[in-house]
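Structure, as structure tokens:
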Amino acid sequence: MELIVATKNKKKLQEIKDILKYRKVKITSLADYPNAPRIIENAKTFKENAIKKAVRIARFTKRLTLGEDSGLCVYALGGKPGVYSSRFSGKNKSDMQNNLKLLTMLKGLPGNKRKAYYACAVALADKDGLIAAVEGRCYGLIGFELKGTSGFGYDPLFIIPEFKKTFAQLGERIKHKMSHRYRALQKAKRFFSKYIECSRIS
């Protein structure tokens, strides 16, 4: 059984592999399919982007595909950066530039006004179309400075109140048991497991 993750982001792919932990499933990515169509993430929601990725790549490869879209939503910014999280600071973006722009926009706001959540949408599709689409969220606060070296994206700023540390400080072992991606993938696992069972029976 092969599961294609519709991404070229190596760090995101590794997180998904670490969370799913499927020993008998070969997990590949778009790096293994260089001729796959380019997916333009222009939808208004994470779920719509995830579905688009899953369906388009599954249709092209004729294989089970996982589409994922995620980002940071800050209440004080009306939900921004949202679906624009990865390109918040422009086309030639970087994690550092995105984080610095966020800090600038939140400058002067006290801790209780810096509430935010990470959102993740996961979609599963095969050659016949969409199988399921689910979502997960993780709530926290935006810090006043970058802390920690683990993870990627906004992890150095995203504080988990329970630990009073950022995802980048907590590390993968803790993050992968409570993150937005973990929660979405746990929901998706039910559909994936059912798909595997049906494939074996047929």
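Under this note's numbering, the letters of the sequence shown match residues 920 to 1121, in that order. From the three backbone atoms N, C-alpha and C, an ideal C-beta is built for every residue, glycine too. Model, not experiment: these values are computed from the prediction.
Per the DSSP secondary-structure output, Thr1085 pairs in a beta bridge with Ile1078. Under the three-state reduction of DSSP, Tyr1037 is assigned to strand. Residues Leu1089 of the same chain have their beta carbon placed closer than 7 Å to that of Phe1082, with the five preceding and five following residues left out of the count. In this structure, Arg978 is the residue among Ser1112, Leu1028, Arg978, Lys936 with its C-alpha nearest to the C-alpha of Pro956. If one requires a minimum length of 4 residues, the alpha helix (DSSP H) runs lying completely within the region 987–1027 are 1014–1024, in chain order.
Per DSSP, Lys945 is not a residue of any alpha helix (DSSP H); the beta strand (DSSP E) it occupies stretches across 945–948. If you draw a straight line from the Cα of Phe1071 to the Cα of Leu1019, it comes to about 14 Å. By alpha-carbon distance to Leu939, the top candidate from Leu985, Ser1008, Lys1084 is Leu985.
By the beta-carbon neighbour count (other beta carbons within 10 angstroms, threshold 16), Ala1040 is buried. Shown here, Tyr941 sits in coil according to DSSP, grouped into three states, outside any helix or strand.
Sequence-distant Cβ neighbours of Cys992 in its own chain, meaning closer than 7 Å and more than five residues away, are Gly998, Gly1001, Ala1035, Tyr1036, Ala1038. Here Asn968 is near Ala962, since their CB atoms are less than 7 Å apart.
At the C-beta level, Ala1107 and Ala1044 stay beyond 7 Å of one another.
Your pair Leu1060 and Pro1075 does not check out as a contact, with CB atoms roughly 13 Å apart and the cut at 8 Å. Of the candidates Arg982, Val944, Ser948, Ala925, Arg982 places its Cα closest to the Cα of Gly1048. Looking at the DSSP output, Tyr1058 shares a beta bridge with Tyr1036. Distance from the CA of Gln1105 to the CA of Phe1111, rounded to the nearest whole angstrom, comes to 10 Å. Leu1021 has its alpha-carbon roughly 10 Å from the corresponding atom of Gly1062. In the displayed model, Ala962 falls within coil according to three-state DSSP, outside both helix and strand. With respect to the 7 Å criterion, Phe1086 and Lys1096 are not classified as neighbours on the basis of their beta carbons.
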